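Residue numbers (the numbering used here): 400 to 823.
Where is the CB? At the ideal position from N, CA and C, for every residue including glycine.
Please read all numbers here as calculations on a predicted model, not as lab measurements.
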């Protein structure tokens, strides 16, 4: 702006100096000469400034200066305490570090839990039945990740007279071809109830079909290898399982190394609505028995579970209906025995901590299908918390020999520690 104003000033001076000479005095002539000299100096200054401006515009801007290097910081030293002070440790009495080492060591410890199962019984039961009071079973579980490729699960049981290994196996969830592989001692994947631990069942006892055809409380459990895989399907969740066992359980008895037992299971699960689902399964098992050398037992089963649990009242209300049908074909020296058994169980949650249920049982005996047992049960369960249960069960059983039992069973379940979820 200042450079542009200089020519305007000069123009004004020139116009002023162009008046007739006869009107000018000697003094004014000297002033005009001085102004012309100043104008020439201003013009020279403007020319110099314009040349400097052109030079600045043609020169590239300098590179930004590098930020100053941060000042070095002195290392933080551990606070020193007298070597004789209580709790002093490390060199020069450095203060001990808490938390880091403990957290690192805990990463190598398994999840440990203990579950107590206390039972009581009153009423009439031909043949004795359960004791009036007993610490039926205590279960100790240890579960942990072995490495990035496997995890291990141990379930030890402490009964009134013995200590046993209910299950102990390693699982490889990332086996090739999408397979899930388990190796160790496991409950066979036959039906629903056989795979349940005692504290998971919705009843105090097991159904008659389990006692008569599947080996009772111990059930089908053995050392072996299990391989399962999800089958792609747009209709339902499908899972196929194949297992090979040593052949030494309550049902199967191997006389030689080649007498293995085989189990197959196919499961289909589908959500019907946002609140209901249906779970269907089919099972087959084969192995040698102890009735006579070379005799075998074949088991066939189907199971169904229907669940209703409204989302808005999920902690207050639910309904479960479950049933299994088992056919046992047992080879014996006197011929094959074909026995059937089934149960139907209902469970209804009518409060946040209250459950009511019932079960109907019907089963023939595996070694003598002409003997048939039936029974009915009513149940009431209260959950003080997720770590304890109090359950009462009225059970009426009519045995094939003509005996009838009327009993009232009660159960206290309590757990401590981190116990992993069981199979859904």
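DSSP assignment within the stretch 573-639 yields the following whole beta strand (DSSP E) runs of 3 residues or more, N-terminal first: 578-586, 620-630.
When only Cα atoms are considered, residue 508 and residue 805 end up about 47 Å apart.
Among the bridge pairs identified by DSSP, residue 763 is matched with 771.
The Cβ neighbour count for residue 608, taken over all protein chains shown within 10 Å, is at least 16; the residue is labelled buried. Rounded to the nearest angstrom, the gap between the Cα atoms of residue 515 and residue 733 is 44 Å.
Taking the Cβ atoms as the reference, residue 684 lies roughly 7 Å from residue 660, within the contact range of under 8 Å. Inclusion of residue 751 and residue 714 in the CB contact set at 8 Å is warranted, their separation being smaller than that value. For residue 652, the three-state secondary structure derived from DSSP is strand. Shown here, residue 428 sits in a helix according to DSSP, grouped into three states.
In the structure shown, residue 434 falls within a helical segment according to DSSP collapsed to helix, strand and coil. Pairing residue 650 with residue 613 gives a Cβ-Cβ distance under 8 Å. The C-alpha of residue 762 lies about 46 Å from the C-alpha of residue 547. Here residue 453 carries a helix assignment [DSSP, helix/strand/coil]. Annotation for residue 796: 774, 804 place their beta carbon closer than 6 Å to its own, counting only its chain and skipping 5 residues before and after. Taken through DSSP and simplified to helix, strand or coil, residue 446 comes out as helix. Partner residues in a beta bridge of residue 659, as assigned by DSSP, do not exist.
For residue 545, the CB contacts under 8 Å within the same chain, skipping 5 residues up- and downstream, are 551, 569 in chain order.
Counting every other CB atom within 10 Å of its CB across the protein chains shown gives residue 742 a total of 16 or more, marking it as buried.
In the three-state DSSP reduction, residue 745 falls in the strand class (E or B). In the structure shown, residue 671 adopts coil according to DSSP, grouped into three states.
When 809, 679, 783 are compared, the shortest CA-CA separation from residue 790 is found for 809.
The Cβ neighbour count for residue 523, taken over all protein chains shown within 10 Å, is under 16; the residue is labelled exposed. With fewer than 16 other beta carbons inside 10 angstroms of its own, residue 655 counts as exposed. Across the structure, residue 813 and residue 621 are spaced so that their CA atoms are roughly 27 Å apart. In the three-state scheme derived from DSSP, where H, G and I count as helix and E and B as strand, residue 788 is classed as strand.
The three-state reading of DSSP puts residue 550 in strand, counting E and B together. In its chain, beyond the 5 residues on either side, 541, 816 have a beta carbon closer than 6 Å to the beta carbon of residue 511. In this structure, DSSP gives residue 751 a state outside helix and strand, which the three-state scheme calls coil. Judged by their CB atoms, residue 520 and residue 526 are not nearer to each other than the 8 Å cut-off.
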